[in-house]
Structure formats: structure tokens, C-alpha cells
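Numbering (my numbering), first residue to last: 1 to 253. Heads up, the beta-carbon is just placed ideally off N, CA and C, and yes, glycines get one too. A short write-up of the structure that comes next.
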């Protein structure tokens with residue numbers, strides 16, 4: 001009986017030790033669990049900082065791309081100017097354009113991707129009170145390149161706008177004055193009444209006046225003829241800012 005009692009006491013003591021060990025292990029797990037949120041928070045903070053840097057770099061890239069798109073597109077490989085490329089320039093010479101055509105020289109502005117001191121050789125013709133200008137050569141200090149380009153106004157419209165003068169108003173005014181003078185000279189001539197009506201007196205005064213009348217008629221005819229053949233002129237001063245529009249791509253060698 002004593003032996004049985006001792007065995008039961010030993011078994012009970014073993015159960016208490018096991019329970020103590022289980023409680024200790026649970027407490028350790030709780031401590032480990034409480035340390036995980038701090039680790040996750042630090043990782044989340046690192047991820048947020050990395051994302052912030054990526055967004056910042058992306059913003060810088062977008063700004064660079066936006067600045068680049070404001071510059072006319074020129075491919076660096078092969079030095080090709082694409083169709084539709086537009087460059088800013090300035091007229092180097094004044095234009096007095098007629099229907100026969102006038103030479104035009106345009107200098108490209110710096111910082112557009114073209115070679116320094118690039119110029120364009122063009123020709124302008126007056127049509128519909130504007131100067132339509134086409135360029136056939138792009139000139140650099142090293143070489144000349146055949147091109148097909150057109151000069152536009154700063155707002156992109158075709159045909160340069162200048163001071164239009166066809167001189168017809170002056171010619172019409174001269175013809176009117178000449179005809180009026182003829183009437184005044186005819187009225188100043190003296191006449192003699194006869195059986196068949198009044199006739200012009202053959203005095204020296206009347207002969208002089210009649211000569212002036214005939215001269216006035218000749219002048220009127222000349223003025224009217226000049227009005228029909230007069231070439232209209234459009235004048236544009238040097239220094240005017242323009243746009244150079246490429247109608248075809250250019251492949252420089």
C-alpha cells in the first residue's frame with residue numbers, strides 16, 4: 001500500500017512539471033508573436049520609401065520627355081529630318097515679291113538640333129496678296145543639302161503676310177484727273193455761232209487748248225493700260241520670324 005501511494009505521488013509530481021513546461025512554452029510563443037508586427041512595420045516603411053523614390057524618378061523622366069517633345073524631332077542615327085518637322089527661323093533679307101518670284105534667305109535659330117549657322121535658300125511668289133515661299137536648299141558651313149520645305153507664318157498659316165501694293169489706286173486717280181482736265185480744257189475753248197450751229201473758233205488759244213485735250217486723252221490711255229499690266233508687290237521687312245516646314249524627309253549623308 002505504501003508503495004502504491006509513493007507511485008501515485010511521483011506521477012502527480014510529473015504531471016505538474018509537464019504543465020509548468022507547457023506554460024513556459026506558451027509564454028515564449030507570445031513573446032515571439034509580439035515581435036512580428038514591428039518587423040512588418042519596418043518592412044512596410046522600407047517599401048513605402050522605395051515606392052516614393054520610384055515615383056519621384058518617374059516624375060523626373062516625364063519632365064525630361066516633355067521637354068524633349070518641345071524640340072523638333074531629329075533622329076541622331078543617320079541625321080534624318082522627318083516629314084512634318086518644323087523649325088524656327090528669321091528672314092535675312094527684305095522681300096519685294098511680285099508674280100515673277102523673289103529670292104528669300106532664312107537663318108535657322110540655334111538650339112533646335114540643326115548645325116550652327118544653318119540657312120535655307122528659298123524663292124517667294126506673290127499669290128492672293130501673300131508671298132508663297134518654297135525652299136530647295138539647306139546650307140551649312142560644311143555642305144548643301146537638297147530639300148523640299150515651305151516657309152510659314154508664326155501661326156502656321158501658309159503664305160507670308162506683308163504690305164500689299166498693286167498701285168492701281170494711283171493709276172485710277174491719275175486717269176480720273178486726266179479726264180477731268182480734258183473736260184475743263186474743252187469747256188474753255190471759244191465757239192462761234194453759225195447758220196448750222198456753233199463751231200469751234202480756230203484761234204491760237206483754242207488750238208493750244210485742243211492740243212492739251214489730246215495730250216490728256218493719251219495720258220489716260222497709258223494709265224489705263226498700265227493698270228491692266230501692273231504687277232502687285234508684297235513687301236516684308238528683314239528680321240521677320242517665320243517657321244520652316246519640311247514637306248519631305250531629309251537623309252543627310
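Reference residue i, options the options, closest by Cα
i: residue 154; options: 140, 88, 101; result: 88
Pairwise C-alpha distance: residue j and residue i
i: residue 43; j: residue 244; result: 56 Å
i: residue 101; j: residue 60; result: 50 Å
i: residue 52; j: residue 62; result: 15 Å
i: residue 138; j: residue 126; result: 23 Å
i: residue 57; j: residue 248; result: 37 Å
i: residue 246; j: residue 112; result: 14 Å
i: residue 95; j: residue 83; result: 27 Å
i: residue 117; j: residue 109; result: 8 Å
i: residue 238; j: residue 93; result: 5 Å
i: residue 131; j: residue 123; result: 9 Å
i: residue 162; j: residue 85; result: 25 Å
i: residue 142; j: residue 97; result: 30 Å
i: residue 77; j: residue 41; result: The predicted model places residue 77 with a pLDDT of 41, which falls under 50 and marks its position as unreliable, so this point remains unresolved.
Distance CB(residue i)-CB(residue j) smaller than 8 Å
i: residue 104; j: residue 91; result: yes
i: residue 151; j: residue 106; result: yes
i: residue 160; j: residue 236; result: yes
i: residue 158; j: residue 135; result: no
i: residue 250; j: residue 81; result: yes
Residue i, DSSP secondary structure in three states
i: residue 44; result: helix
i: residue 58; result: helix
i: residue 51; result: helix
i: residue 39; result: helix
i: residue 17; result: With a pLDDT of 47 at residue 17, under the threshold of 50, the modelled position of this residue cannot be trusted; read the value that follows with caution. Helix at residue 17.
i: residue 237; result: coil
Close beta carbons around residue i, own chain, < 6 Å, minus the five adjacent residues each side
i: residue 144; result: 137
i: residue 140; result: 115, 118
i: residue 240; result: 91
i: residue 129; result: 164
i: residue 148; result: 247, 248
i: residue 16; result: With a pLDDT of 45 at residue 16, under the threshold of 50, the modelled position of that residue is not reliable, and the figure given next carries that caveat. Once the five neighbours on either side are set aside, residue 16 has no close Cβ partner at all.
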